[in-house]
Structures are given as structure tokens and as C-alpha cells.
Amino acid sequence: MQESLLAYRRMRYLWAAGALAAAAILAYALHRPPEPPNGGTWLGYTLGGIAAALVLLLGAFSIRKRAYASTLGSVRGWLSAHVYLGLALLVVMTLHAGFQFGWNVHTLAYALACVVVASGIVGVWFYLRYPEQMSRNRAGETREQMLAELADLDRLCAKQAAALGGEFPDVIVSARDRAALGGSAWAILAGRDRSRVVLPGAHGGGHAQPNAGQSRLVDWLGHELAGSTDGERTRLIHELMALVNTRRGLLERLRRDAQIRGWLDAWLYVHVPATCALLAALAAHVLVVFLYW
Ligand code: HEM
Ligand code: HEM
Numbered sequence: 000m001q002e003s004l005l006a007y008r009r010m011r012y013l014w015a016a017g018a019l020a021a022a023a024i025l026a027y028a029l030h031r032p033p034e035p036p037n038g039g040t041w042l043g044y045t046l047g048g049i050a051a052a053l054v055l056l057l058g059a060f061s062i063r064k065r066a067y068a069s070t071l072g073s074v075r076g077w078l079s080a081h082v083y084l085g086l087a088l089l090v091v092m093t094l095h096a097g098f099q100f101g102w103n104v105h106t107l108a109y110a111l112a113c114v115v116v117a118s119g120i121v122g123v124w125f126y127l128r129y130p131e132q133m134s135r136n137r138a139g140e141t142r143e144q145m146l147a148e149l150a151d152l153d154r155l156c157a158k159q160a161a162a163l164g165g166e167f168p169d170v171i172v173s174a175r176d177r178a179a180l181g182g183s184a185w186a187i188l189a190g191r192d193r194s195r196v197v198l199p200g201a202h203g204g205g206h207a208q209p210n211a212g213q214s215r216l217v218d219w220l221g222h223e224l225a226g227s228t229d230g231e232r233t234r235l236i237h238e239l240m241a242l243v244n245t246r247r248g249l250l251e252r253l254r255r256d257a258q259i260r261g262w263l264d265a266w267l268y269v270h271v272p273a274t275c276a277l278l279a280a281l282a283a284h285v286l287v288v289f290l291y292w
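For the sequence shown, the residue numbers in numbering that gives the first Met the number 0 are 0 to 292.
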């Protein structure tokens, strides 16, 4: 999906889209209509027709993407064409309109197309950037493996806390139960850690308090460690701290993984609805033009 998206088959679609845009610019430069250039001249209609065909073709990617049995080109080829033709559309539709804009449904269609193209550029940027970060963050593991590892660590922490006794089991259970992964869409995208923990006595008086990065828990363990005078107890707390630290790193990676996957999806929530709105505005534009011109 990555480099090959832009470099697919020696950039054949970059050349094709570039040729289309260049031909439109050349025709526009040579065009000498009796009135100022606009969508109503013969070139205006031609470019408008090409622009509308491009929009339909680009929108059809949604269908091709899901037509798993289709042999009509590869999905990767379609996506490469999609990206470059989407950029060519920007040129073609601007020349079609003859740079004439106003507060009307025509310019609404134009503006929506710009939103779709802009969100598409953001999407490509994410696609080029995030998959590599995602595999680095996963370090060869799948998300399921990371979650299984987390469950193992939770068990080991609980065991160690039980061996220590006193307030340890309750604290460890509360840190486990209140560790936040996920949450609202915004929390996921921002990678915010809303974990909490309930600490005893002077450390929190039984109230849940913010534990981002498990830092409150680590502080408390550090405090217990400093106060320990028994060699065996000190060793057990040390081991528990090591487990908690490993668990902290794992939670961090899981949160980052959700964040990356979130961003890889988020831009489509602009791209796709804006495409639907564009199709509607385009239909209205053509209807209005045929009714009133
Ligand atoms: C992506 C596709 C299209 C976009 C974004 C688009 C956008 C525009 C814009 C912004 C204008 C200038 C309106 C103004 O003067 O205020 C315009 C004019 C026009 N468009 Fe389109 N258009 C598209 C496709 C089409 C198609 C398919 C047709 C023909 C069926 C068409 C026919 C016209 C006509 C006749 C005008 C001239 C109206 C005038 O001069 O006042 N357009 N278009
Ligand atoms: C008016 C022009 C465009 C239209 C109508 C359009 C429409 C669409 C549609 C309907 C999808 C399928 C989404 C889905 O069903 O999941 C899509 C996907 C995509 N579009 Fe566009 N698009 C346009 C321009 C662009 C541009 C200019 C770029 C990049 C520069 C772009 C980048 C992408 C990418 C990367 C995907 C792949 C999403 C995926 O496979 O997960 N698009 N587009």
C-alpha cells in the first residue's frame, strides 16, 4: 500500500493525470471564446463533462475496493489512479469554471470537491507515514499477542501483590481495573491516557486519581520500597516494580497502536461524506444549469 501507492507501475497514472491536466491547460490557453471563459462555452462543457466523469470514476473506487471477486485492475492500481486523477480533477474543474466563483450551488460543488481532494491528500500522507510507525510500535507482535501479554502481566502482578499482602493486592487490582485503553474517539486519536488508580491512606485516601503512564502507581511503589526495611519484602517490591514497568510500556504501545489505527480511519470520515455531498451538489449544479441556462 505504501511507496507503491505513488510509484505504482512507474507512475503510469501520474503521467496519465499529468497529460490530462496539461491538455486542459493548453486548451484553455488557446481557447478564444466570444465571452470570458466559463462553464458554458464548448470547452467549458467539455471540461465539465470530464470533471463529472472523473468524480464518478473516483467515487466508484468505493465499489471496486469491496468487489473482491473483480478482475478489473488491482485495488492498488485503482488507488494509484485514484490519487493522481483526483489531483488532475482540481485543474480540470477550475478551468471548467473559468475561475468564476460565487455564492451558489456551482461553487458549492467546487468547494466540496476541494474538501474531498484535500482530505485525500491528508489520507495519502497518513498511509505513507503510519504503517511503518505501526509495525515499529508493534515490534513484530499482533495486537492480539500484545493483549495476551498484558493479561499475563496482570496475572503476574496480582500474584506478586498477593505475596506482599497488605495494601498491595487492592492497589494492583485497582490499577488494573482502571487502566484505560480506548475511550472516546477523541481520547483515542489524542492518545490520551485516562487511567486511574485508588491508593490508600495519605496517598489518596481511597479516591481514584489520575494515573497516566501508571505514574501514580510507580510513585507509590517507590514510596513503599523506600520505607521497606525487610530484605525479602524489598526484593518482592522490586520485582513487582519491574513487572509494573513492563506493563506500563505495553499499555503505552497498545494505546499508540489504537491511535495510529484511529488516524488511518479518521480522514475517511471527511473524505467519504464529502464525496456524497459532492455528488448531490454536482447533480444540483447540472440540473440548475440545464434548467436556467
Ligand atoms: C466536478 C464537476 C463540476 C464542478 C466542480 C463544476 C463547477 C462549476 C463552477 C464553480 C462554475 C462557475 C459558476 C459561476 O459562474 O458562478 C460552473 C459553471 C458551469 N458549469 Fe460546472 N462544474 C462541474 C461539472 C459540470 C458539468 C458536468 C456540466 C454540464 C453538464 C457543467 C456545466 C456548467 C455550465 C453550463 C456552467 C456555466 C454557468 C455560467 O456561466 O454561469 N458543469 N461549474
Ligand atoms: C473528487 C475527488 C475524489 C473522490 C470523489 C474520492 C472518493 C473516494 C471514495 C468514495 C473512496 C472509497 C472510500 C471507501 O469506500 O472506503 C476513496 C478512497 C480513497 N481516496 Fe479518494 N476521492 C477523491 C480524491 C482523492 C484524492 C485527490 C486523493 C489523494 C490525493 C484520494 C485518496 C484516497 C485514498 C488514499 C483512498 C483509500 C482509502 C482506503 O482504501 O482505505 N482521493 N476516495
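Here a beta-carbon is modelled for each residue, glycine too, at the ideal position from N, C-alpha and C.
Query, Result
"Could you tell me the alpha carbon to alpha carbon distance between Y109 and F100, rounded to whole angstroms?", "9 Å"
"Can you tell me the Cα-Cα spacing of S173 and V196, whole angstroms?", "6 Å"
"What do you reckon, is the C-beta of I120 under 7 Å from a heavy atom of ligand 4?", "This structure lacks ligand 4; the ligands present are ligand 1 and ligand 2."
"Would you report the Cα separation of L224 and G261, rounded to the nearest angstrom?", "39 Å"
"Only counting the same chain, and skipping five residues up and downstream in sequence, which positions put a Cβ closer than 7 Å to that of K64?", "V74"
"For L263, which of A6, R8, W124 has the nearest alpha-carbon?", "W124"
"To which residues does DSSP link P209 through a beta bridge?", "R195"
"Rounded to a whole number of angstroms, what is the C-alpha to C-alpha distance between A280 and Y44?", "17 Å"
"Below 8 Å on the Cβ atoms is my guess for L198 versus Q208; work out the distance and round it to an integer in Å.", "7 Å"
"If you drop the 5 nearest sequence neighbours on each side, which residues of the same chain put their C-beta closer than 8 Å to that of A282?", "none"
"Is it true that the CB of L46 sits closer than 8 Å to the CB of V91?", "yes"
"Determine, for V243, whether the minimum Cβ-Cβ distance to residues of chain B falls below 8 Å.", "As a matter of chain content, chain B is missing from the structure shown, which is built from one protein chain."
"Since N295 is in the alpha helix (DSSP H), which residue starts that stretch and which ends it?", "Missing from the structure shown is residue 295; the chain here goes from 0 to 292 and no further."
"To which residues of the same chain is K158 closer than 7 Å at the C-beta, ignoring the five residues directly before and after it?", "none"
"For A147 versus L235, is the C-beta spacing smaller than 8 Å?", "no"
"How long is the line joining the alpha carbons of C113 and E238, rounded to whole angstroms?", "57 Å"
"Should L53 be labelled buried (16 or more other beta-carbon atoms within 10 Å of its own) or exposed?", "buried"
"Measuring CA to CA, which of G122, L13, L216 is closest to W266?", "G122"
"Less than 8 Å between the beta carbons of H95 and H284, yes or no?", "no"
"Would you mind listing the alpha helix (DSSP H) stretches within the segment 94-159 that are 4+ residues and don't spill past its ends, in chain order?", "104-137"
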